[in-house]
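Let me begin by presenting the structure, written as structure tokens, before commenting on it.
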Amino acid sequence: LAKTTQPISMDSYEGQEVNITCSHNNIATNDYITWYQQFPSQGPRFIIQGYKTKVTNEVASLFIPADRKSSTLSLPRVSLSDTAVYYCLVGDVRWRQLTFGSGTQLTVLP
Amino acid sequence: NAGVTQTPKFQVLKTGQSMTLQCAQDMNHNSMYWYRQDPGMGLRLIYYSASEGTTDKGEVPNGYNVSRLNKREFSLRLESAAPSQTSVYFCASSVGGTSGSAVENEQFFGPGTRLTVL
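Put into structure tokens, the structure is as follows:
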């Protein structure tokens, strides 16, 4: 399973764009990159998944360079309610073996 | 449509006691999972069931057993609880499949069971 490295914590202000980068140097050919969000006392919630280049949905964008050794989750115009832990997961999702690291605690300040 | 439900929400056990955590989903998903989350850490996969009738070990299966009772239900059993099993347990489900698409692989999580073993 690919090991991921992401910052332990980040602070931002309301209305700013936030970029959280995840490093996954030993990503395998069949691996996908998935991001989840978790609020205190709740289960994680899926944000976005990608394999290469850029993926965008209604809440976030995921940028993946050509070598796929890192990825960046971009949250546009964050609000206080985006304060949460964000997990970067890398794995062959067809085999269901996903590994959650320690995540990044994002704190959005007023 | 309740999504993924878990019972109980809280449980306190003494060392050596047994219990079963229940999980059910009403989304007609094929795959189901059990995770544990220790304070300040990410989730670790205990067991998963890719489809009805199959179960496989995850990262930390020791001390646990699972049963995929039917397509809807996936239970986790602790035969002889130990203090090291104090944790929050999450059940999740997904459509499942082999295409790797986000639709198939997005996991939906339950609210969790907070277990304390004394």
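Residue numbers (this note's numbering), protein chains in the order written: chain A, 96 to 205; chain B, 8 to 125.
All C-beta atoms, glycine included, are put in the ideal place defined by N, C-alpha and C.
1) Between the alpha carbons of L83 of chain B and Q111 of chain A, how many angstroms are there, rounded?
2) Taking the alpha-carbon positions, what's the K64 of chain B to Y54 of chain B distance?
3) Starting from M39 of chain B, follow its DSSP beta bridges and name the residues at the other end.
4) Which chain A residues sit within Cβ distance under 8 Å of M48 of chain B?
5) Could you check if G198 of chain A belongs to the surroundings of the ligand GTP, using beta carbon to heavy atom distance under 7 Å?
6) Under the DSSP definition of a beta bridge, which residues are partnered with G145 of chain A?
7) Classify E80 of chain B as helix, strand or coil using the three-state DSSP reduction.
8) Just how far apart, CA to CA, sit N120 of chain A and N35 of chain B?
9) Let me see if you follow: with CB-CB separation under 8 Å, is Q114 of chain B close to chain A or not?
10) Could you check whether the Cβ of A31 of chain B sits closer than 8 Å to any Cβ belonging to chain C?
11) Whose C-alpha, out of A:S104, A:Y146, A:Y131, A:P135, is nearest the C-alpha of T194 of chain A?
12) Name, please, each residue of chain A whose Cβ falls closer than 9 Å to the Cβ of P118 of chain B.
13) Identify the contact partners of F158 of chain A in chain B, using a Cβ-Cβ distance below 8 Å as the criterion.
14) If you measure between the beta carbons of T27 of chain B and A88 of chain B, is that distance less than 8 Å?
15) Helix, strand or coil for L175 of chain A, going by three-state DSSP, please let me know.
16) Output, in chain order, the set of chain A residues within a Cβ distance shorter than 7 Å of F97 of chain B.
17) Comparing the C-beta of Q144 of chain A with each C-beta of chain B, is any distance below 8 Å?
18) Cα-Cα, which of B:F81, B:N112, B:G103 is closest to V11 of chain B?
On the basis of the data shown:
1) 42 Å
2) 5 Å
3) B:S56, B:S100
4) S197
5) This structure lacks the ligand GTP; in fact it carries no ligand of any kind.
6) A:I128
7) strand
8) 36 Å
9) yes
10) This model lacks chain C altogether, as its protein chains are A and B.
11) A:Y131
12) S136, Q137, G138
13) Under the 8 Å cutoff, chain B gives no residues; its nearest Cβ is about 16 Å from F158 of chain A.
14) no
15) helix
16) G138
17) yes
18) B:F81
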